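Comments concern the structure below.
Number of protein chains: 2
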Amino acid sequence: MSQRNLTLLTDLYELTMMQGYFKEKDANETVIFDAFYRSNPSGNGYAISAGLEQVIEYIKDLSFSEDDVDYLRTTGLFEEDFLEYLRKFKFSGDIYAIPEGTVIFPREPIIKVIAPIMEAQLVETALLTIINHQSLIATKTARVVYAAAGDGVMEFGLRRAQGPDAGIYGARAAMIAGCVGTSNVLAGKMFGVPIKGTHAHSWIMSFPDELTAFRHYAKLYPTSCILLVDTYDTLKSGVPNAIKVFQEMREKGIALTNYGIRLDSGDLAYLSKKAKRMLDEAGFTDAVISASNDLDETLINSLKIQGATINSWGVGTNLITSKDCPSFGGVYKLAAVLDKKTGQFTPKIKLSENAEKITNPGNKEIKRIYNRETGKIIADLICLTGETLKESDSLLLFDPIETWKKTYLAPNTYTIRDLLVQVFKGGECVYDSPAVMDIREYCKKELSTLWEESRRLVNPHQVHVDLSKALWEMKNQLLDSYHYNNP
Amino acid sequence: MSQRNLTLLTDLYELTMMQGYFKEKDANETVIFDAFYRSNPSGNGYAISAGLEQVIEYIKDLSFSEDDVDYLRTTGLFEEDFLEYLRKFKFSGDIYAIPEGTVIFPREPIIKVIAPIMEAQLVETALLTIINHQSLIATKTARVVYAAAGDGVMEFGLRRAQGPDAGIYGARAAMIAGCVGTSNVLAGKMFGVPIKGTHAHSWIMSFPDELTAFRHYAKLYPTSCILLVDTYDTLKSGVPNAIKVFQEMREKGIALTNYGIRLDSGDLAYLSKKAKRMLDEAGFTDAVISASNDLDETLINSLKIQGATINSWGVGTNLITSKDCPSFGGVYKLAAVLDKKTGQFTPKIKLSENAEKITNPGNKEIKRIYNRETGKIIADLICLTGETLKESDSLLLFDPIETWKKTYLAPNTYTIRDLLVQVFKGGECVYDSPAVMDIREYCKKELSTLWEESRRLVNPHQVHVDLSKALWEMKNQLLDSYHYNNP
Numbered sequence: 003m004s005q006r007n008l009t010l011l012t013d014l015y016e017l018t019m020m021q022g023y024f025k026e027k028d029a030n031e032t033v034i035f036d037a038f039y040r041s042n043p044s045g046n047g048y049a050i051s052a053g054l055e056q057v058i059e060y061i062k063d064l065s066f067s068e069d070d071v072d073y074l075r076t077t078g079l080f081e082e083d084f085l086e087y088l089r090k091f092k093f094s095g096d097i098y099a100i101p102e103g104t105v106i107f108p109r110e111p112i113i114k115v116i117a118p119i120m121e122a123q124l125v126e127t128a129l130l131t132i133i134n135h136q137s138l139i140a141t142k143t144a145r146v147v148y149a150a151a152g153d154g155v156m157e158f159g160l161r162r163a164q165g166p167d168a169g170i171y172g173a174r175a176a177m178i179a180g181c182v183g184t185s186n187v188l189a190g191k192m193f194g195v196p197i198k199g200t201h202a203h204s205w206i207m208s209f210p211d212e213l214t215a216f217r218h219y220a221k222l223y224p225t226s227c228i229l230l231v232d233t234y235d236t237l238k239s240g241v242p243n244a245i246k247v248f249q250e251m252r253e254k255g256i257a258l259t260n261y262g263i264r265l266d267s268g269d270l271a272y273l274s275k276k277a278k279r280m281l282d283e284a285g286f287t288d289a290v291i292s293a294s295n296d297l298d299e300t301l302i303n304s305l306k307i308q309g310a311t312i313n314s315w316g317v318g319t320n321l322i323t324s325k326d327c328p329s330f331g332g333v334y335k336l337a338a339v340l341d342k343k344t345g346q347f348t349p350k351i352k353l354s355e356n357a358e359k360i361t362n363p364g365n366k367e368i369k370r371i372y373n374r375e376t377g378k379i380i381a382d383l384i385c386l387t388g389e390t391l392k393e394s395d396s397l398l399l400f401d402p403i404e405t406w407k408k409t410y411l412a413p414n415t416y417t418i419r420d421l422l423v424q425v426f427k428g429g430e431c432v433y434d435s436p437a438v439m440d441i442r443e444y445c446k447k448e449l450s451t452l453w454e455e456s457r458r459l460v461n462p463h464q465v466h467v468d469l470s471k472a473l474w475e476m477k478n479q480l481l482d483s484y485h486y487n488n489p
Numbered sequence: 003m004s005q006r007n008l009t010l011l012t013d014l015y016e017l018t019m020m021q022g023y024f025k026e027k028d029a030n031e032t033v034i035f036d037a038f039y040r041s042n043p044s045g046n047g048y049a050i051s052a053g054l055e056q057v058i059e060y061i062k063d064l065s066f067s068e069d070d071v072d073y074l075r076t077t078g079l080f081e082e083d084f085l086e087y088l089r090k091f092k093f094s095g096d097i098y099a100i101p102e103g104t105v106i107f108p109r110e111p112i113i114k115v116i117a118p119i120m121e122a123q124l125v126e127t128a129l130l131t132i133i134n135h136q137s138l139i140a141t142k143t144a145r146v147v148y149a150a151a152g153d154g155v156m157e158f159g160l161r162r163a164q165g166p167d168a169g170i171y172g173a174r175a176a177m178i179a180g181c182v183g184t185s186n187v188l189a190g191k192m193f194g195v196p197i198k199g200t201h202a203h204s205w206i207m208s209f210p211d212e213l214t215a216f217r218h219y220a221k222l223y224p225t226s227c228i229l230l231v232d233t234y235d236t237l238k239s240g241v242p243n244a245i246k247v248f249q250e251m252r253e254k255g256i257a258l259t260n261y262g263i264r265l266d267s268g269d270l271a272y273l274s275k276k277a278k279r280m281l282d283e284a285g286f287t288d289a290v291i292s293a294s295n296d297l298d299e300t301l302i303n304s305l306k307i308q309g310a311t312i313n314s315w316g317v318g319t320n321l322i323t324s325k326d327c328p329s330f331g332g333v334y335k336l337a338a339v340l341d342k343k344t345g346q347f348t349p350k351i352k353l354s355e356n357a358e359k360i361t362n363p364g365n366k367e368i369k370r371i372y373n374r375e376t377g378k379i380i381a382d383l384i385c386l387t388g389e390t391l392k393e394s395d396s397l398l399l400f401d402p403i404e405t406w407k408k409t410y411l412a413p414n415t416y417t418i419r420d421l422l423v424q425v426f427k428g429g430e431c432v433y434d435s436p437a438v439m440d441i442r443e444y445c446k447k448e449l450s451t452l453w454e455e456s457r458r459l460v461n462p463h464q465v466h467v468d469l470s471k472a473l474w475e476m477k478n479q480l481l482d483s484y485h486y487n488n489p
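Here the protein sequences line up with chains A and B, keeping their order. For the first sequence, position 403 matches number 405 in my numbering, and the numbering has no gaps at all. For the second sequence, position 468 matches number 470 in my numbering, and the numbering has no gaps at all.
In C-alpha cells form, the structure reads like this:
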C-alpha cells in the first residue's frame, strides 16, 4: 500500500467540508471523532479489529501532490487559498486505537481521532474503508475457524475477492483471525505469512491421463503431495489413482509426511467417508483429506455433524467476501469540539429516531472488565477520559437503556484493562505494529477471553457494553436539553 | 494500479504448477484457457463485462523482480533453474476479450488466453480477481440504475468497500454501468469521471445550530447546494431550515440551479412526500430531493411504487459490495492443447456430475445474433474458431441440452457480430482501452439491445447461449469417448 499514495482516496464531501471549515470558520478547531460500529456482522457475538497498520501507513503518507492539487482545481469547486493549504497539508493530530486482533463489540470507539477539524474530517473515508474491510474479514474468519474445531483452515479466495486489495488485505485479516495459511503469494511476501496450495484441474487435464498427472506431481513435490481427485470421477478414478501413486512412493521408500487428497466438488460428506475408507484400507491412515467447494462456517459445521472425515479446509469465496454479510458498517462520528476559552471539550451528540443510532458524546475511553479468576470478559465500560476505576473498589454496571438491569462486582474480583492505545501524538506515529503472525497469536488469546456462549455461531450471548455513570448522565443531559430547546 | 507490481498476486498453486510444467513436461506447450462465468449475479438476466483495462495493465507489467525471486526461494518449494526462468519471464501469448461495457451471458468466454501453458497458468488468479470484481459491480449497478428509471444514481460506497481497490475499481465499474457520478475523488482523478457530494452530519454538528451550518454551506457552494436535513429532525428542523436558506438565497438574487435536500434516515417515502409539499409551498418546485440510506434496486423500486418524490439516489454499501451477491463466480478453464505435430488444437473437457460444470472444449468464438429489424439480441452462438456464418443464409439455433428446442432464422432477418476482439498478439498489446465515460456510453447502447423482459429485476427472461452444431458434436464426442474409456 505504501507504494501508492491514497490521499485522494476520500469522498468529495470531506474536501468540500474542509474548504468550508477553512473559509467559514474562525478557527481550525480541535475536535474528536470516534470510529465505531453498530452491530456484529453475520449475527456473531463479537468482532475482531483489524487494519490498523494500514490506517497508520495511510496517515503517515498523507500529502497532496502537485498532480492532486491540479486535479482538484479542474473540478472548479476549490479556491486557490484552500488549494495552497492542501499543498502543505500534514496530519498533526493524536490518534488512539484498539490494537489489531482484539475482540471488540458494538458502539465502542475502535479508533479515536483528536485533531484540527479539517484533518480529522479528511481521514474519515479511507480510515473507514480500511478498518471496515479488514475487521469484516477477520470476524468472518473467526467464525469459520471456530466451525473447523481445530482443523486447519486455508484462505483460498483471491480469485473471488473484490479486487487486488480485497485479496491482499483480506488474506492478512484471515491470517490474523486464525487461518493457517493463504494461497495468496503476494500476501505471503508482504506479511510474512505461510502460503499454501497444490494444483488445479488444469494440471490434470494437461496430461494424457490422471495417473500420469499425479505421478509427475508426486515426483516433484513428494513432501507436499495433496492430489486433487475430482477431475474425472472422485471414487472410481481420482482416489484409486492417488492411492496407486502413494503406494509407488511407499515402495520407493519415500517418507509420506504431508500427503493426501483434495475434494473440490460433489457430496463432501459421502465422498470423504468413502475416500477415507479406501485410504485406510490401503494403509494410508494419516492421509490428509482436504476439501474446498464453496465452504463456509455453516457448511463446515454441518459436515462435521455428518461425520465427514475432512481434516483440512480450503475456504474461498464465502470467507474473502464475507458472503452472508459483506460489509462491516463502521461509522465515524463527531463526539466533541474543543472550547478554546475553557480548554475543555464540549460534547456533541447526533440524534436519531432510532435509539441505537444516537451517538455517545465526549472524550471517551474503554475499560474492559475481566473476571479475575477465569480471565473471561464480564463487560466493556465506556468512560469519560480521566475517570479512574480501582480494582479494589466495588463496581456497579448498568444497562444504558434498561437501567434497572444492574451487575454488582465485589472488590478484587475483577481486573480492568484500557483498550485504546495511542498510535499518533502530534502527528507523529508512536506505535509499532506487530508482525501479522504475532497479531495472530494475540488474537488467539483474545478469543479465549470470551465465554463459549459468546463464541457460538447462532444466537450468541451478546457481551455488555455499558456506559459509566458520568458518561450516561452527560448523554442524557444532552438529549434532554435538545428536546427542551426544540419543543 | 500500474504503480504497484502485481506479478505475485497469484495463488501459490499457479507457481507450483508452472514449475511442474517446467520440470516434468518436454515442452512449454501452447494451450487455450477460457475465462467465463456460470450464472448471472443477483438473479439478473445478463451481466456487464468490466475490468479489461486493468487486466491489460497487469499483463503488460508482468515481471518478477529480484525481490520476488528471493522471496520465492525462501519458501523452499522452487529450484534454481525455475527461478532463473521466472527472472526472465515475459508474457508472449495472444489474448482475446469481450470489450468492457458489453452485455454478457453465462458460459461464453469473456477472455480467451492462447499462450505457452506456464504463462497461461500464471495469469489465472489475477485475471479472475479483476474481471470478477468489476463485472460484479457493473452488473449490480445496471440493476440499481434500471430501478431508478431515469433518475441519477450516485456511487457513494467507498467507506464500505472491501479495501481501497474495491472502492476505486468499484467506482470505475459503477460509472461504466450508468452511475452519473461517484463520491470517490481518487477514482475521479484516475478515470476522468464526475465526482459528487455535499456534506455530512459532522458539518452540521460542528456549528452552533443547523441553520447556521446551512447558511455557511450555501454561502460557499451556492451552485451545488444540497443540504442534509436529518441531523436533528427532518420535518421540524431540517427542511424548514433548508427552505429558510433557499429563501435567503432567492432574496439575494442568487440563481437557484442545483439545490435541494438530502434525506439520509427515516421513512424515505413519507419524508420525501412531506418535504416535497413543504418545498413546493415555498415555491421551490425544482429542488432536488436526494436520498441515501442503505438503498438498493429493490428499495428504490419500492419507493417509486409508493410515490416517493426522490429524484436523485446516492447508493453506497449495497452497490459497492453487491451485497446480496458479493461474488461473480468467473472461472478459468483449459479448453485445448496444441498438438505440435499436427499444428491443431486438441480439445480438452472437464467433466462433472453437475452438467452445467462441464466445460466447452476447443478454440472458440462467440457470435451474437441480433434481430435485424429491432436490433435486439436473439441469442449468442458459441462456435469453433474458423466457422463462418453468413447473414444471407438461414440459421438453425438449438438448445444444447434440450436439443428439440429449435429456433429457425430466415436469411437476411438477422445480423451477426463477433464479440471477442484481440487485445494481445505475441505478447504485445494491440488494443487501446477506451476512456471510462466512452465505455459508459457504449454500455448504455449495449443495454438497449436487450429485450425489456431480460432487463427486469425479478425472473428476467434468460437469453439463449447456444453452441454451433460443430462445437456441440465435438463436445458430445468427447463426453462419449470418456465414458467409453472408463466403463
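Positions of the beta carbon are idealized from the N, C-alpha and C atoms, including for glycine. As the structure is a prediction and not an experimental result, all values here were calculated from the model.
Residue i, DSSP secondary structure in three states
i: Asn478(A); result: helix
i: Met3(B); result: Low local confidence applies: a pLDDT of 37 at Met3(B) is under 50, so the model's placement there is unreliable, and no value is given.
i: Gln346(A); result: strand
i: Pro166(A); result: helix
i: Glu157(A); result: strand
i: Pro489(B); result: Because Pro489(B) sits at a pLDDT of 43, beneath the cut-off of 50, its placement in the model cannot be relied upon, and the following sentence gives the value as read from the coordinates. Three-state result, Pro489(B): coil.
i: Ile34(A); result: strand
i: Cys181(B); result: coil
i: Thr18(B); result: helix
i: Gly316(B); result: strand
i: Ile100(A); result: coil
i: Tyr416(A); result: strand
Continuous beta strand (DSSP E) stretch holding residue i: start and end
i: Gln424(A); result: Val423 to Lys427
i: Arg264(A); result: Tyr261 to Leu265
i: Tyr148(A); result: Run containing Tyr148(A): none in the beta strand (DSSP E); it sits in the alpha helix (DSSP H), Glu126 to Ala150.
i: Thr390(A); result: Taken as a continuous stretch (DSSP letters only), Thr390(A) belongs to no beta strand (DSSP E), as it is neither H nor E.
Pair within 8 angstroms by beta-carbon distance, residue i and residue j
i: Leu64(A); j: Thr9(A); result: yes
i: Ala168(A); j: Thr12(A); result: no
i: Leu422(A); j: Pro111(A); result: yes
i: Ala151(B); j: Lys335(B); result: no
i: Asn365(A); j: Thr387(A); result: yes
i: Ala437(B); j: Gly180(B); result: no
i: Lys275(A); j: Thr300(A); result: no
i: Glu126(A); j: Glu26(A); result: no
Endpoints, alpha helix (DSSP H) assigned at residue i
i: Arg370(B); result: Per DSSP, Arg370(B) belongs to no alpha helix (DSSP H); it is in the beta strand (DSSP E), Lys366 to Asn373.
i: His466(A); result: No alpha helix (DSSP H) holds His466(A); the beta strand (DSSP E) holding it covers His466 to Leu469.
Amino acids of chain B, ordered along the chain, whose beta-carbon sits closer than 7 angstroms to that of residue i
i: Thr1(A); result: Residue 1(A) falls outside the range modelled here, since chain A spans only 3 to 489, and no answer is possible.
i: Met207(A); result: Leu336, Lys350 and Lys352
Partners in chain B for residue i, counting only beta-carbon separations shorter than 9 angstroms
i: Lys325(A); result: Cys327, Pro328 and Ser329
i: Ser204(A); result: Met19, Val33, Phe35, Ile119, Ala122, Gln123, Glu126, Tyr334, Lys335, Leu336, Lys350 and Lys352
Chain-ordered neighbours of residue i on chain A, where CB pairs are closer than 7 angstroms
i: Ser354(B); result: Ser267
i: Asn134(B); result: Arg161 and Arg162
Under 8 angstroms by beta carbon: chain B residues contacting residue i
i: Thr200(A); result: Tyr15 and Thr18
i: Val438(A); result: None at all; the shortest Cβ gap to chain B is about 15 angstroms.
Between the segment 95-126 of chain A and chain B, which residues of the former have a C-beta closer than 7 angstroms to a C-beta of the latter?
-> Those residues of the segment 95-126 of chain A that come within reach of chain B (Cβ to Cβ, closer than 7 angstroms) are Ile119 and Gln123.
Name the residues in the segment 310-323 of chain A whose C-beta lies less than 7 angstroms from a C-beta of chain B; which are they?
-> Listed in sequence order: Thr319 and Thr323.
Residues, ordered as in the chain, of the segment 140-169 of chain B that lie near chain A by beta-carbon distance below 9 angstroms | For the segment 140-169 of chain B, which is checked against every Cβ of chain A, the residues closer than 9 angstroms are Phe158, Gly159, Leu160, Arg161, Arg162, Ala163, Gln164, Gly165, Pro166, Asp167, Ala168 and Gly169.
Note down, in chain order, all residues in the segment 13-43 of chain B with a beta-carbon under 9 angstroms from any beta-carbon belonging to chain A.
-> If the cut-off is 9 angstroms between Cβ atoms, the segment 13-43 of chain B has Asp13, Leu14, Tyr15, Glu16, Leu17, Thr18, Met19, Gln21, Gly22, Tyr23, Lys25, Glu26, Lys27, Glu31, Val33 and Phe35 near chain A.
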